Structures are given as structure tokens and as C-alpha cells.
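This report concerns only the one structure given below.
Structure below.
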């Protein structure tokens, strides 16, 4: 799907890309196991430093997707964080 979108962007089918809004919802902290319990997050995901580990992990993927799709590096970034989980 991403390669198809990149091809559309390259041939100008969607016009000039001026802004990209991208989301990566995750259910890793709230996914229920077959037993009915909730899976514990991997330990490294809970050890935050100056920047949240989850933000670094997932944010890097989003940044790579934007660069892949547009062939350019973002000029400005805005990041919003929200939690619907139990952690």
C-alpha cells in the first residue's frame, strides 16, 4: 500500500504534498491474551529517559514512512501523544 501511494505521489496523482498527517495506533499495552489477561509490555518500553521510549520507537517508523512516501525530509514536526491503555 505504501509503495502504491508513493507511486501516486511521484506521478502527481495527488497533487503537491504540502503536509502529511500520520498516525500509528498501537494496542500492545491493552491487547488481551486468550486467557483473558492483558499482555505485559516489554520491559524496555517502560524505561523512559528524556524522551519516551515508545515515542522514539514508533516515531522513527513514522518519520521513515513520510520520507519514503515523499522522497523528502520533513521541515517541521509536531507530535501529539495520547493513551487509551492501562499503562
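Numbering (the UniProt record's numbering), first residue to last: 1 to 87.
The beta-carbon is built from N, C-alpha and C at its ideal position, and this holds for glycine as well.
Note that the coordinates shown come from a computational prediction; the quantities given were computed from them, not determined experimentally.
How big is the Cα-Cα spacing for residue 80 and residue 49?
18 Å
Under 7 Å, do residue 73 and residue 67 count as touching if we go by C-beta distance?
Judged by beta-carbon spacing, residue 67 lies within the 7 Å limit of residue 73, meaning their Cβ atoms are closer than that value.
Determine, using beta carbons only, whether residue 33 and residue 40 come nearer to each other than 7 Å.
no
Given residue 18 as reference, the closest of 2, 70, 57 once Cα atoms are compared
70
Residue 5 to residue 65 span [Cα, whole Å]
C-alpha separation (whole angstroms): 11 Å.
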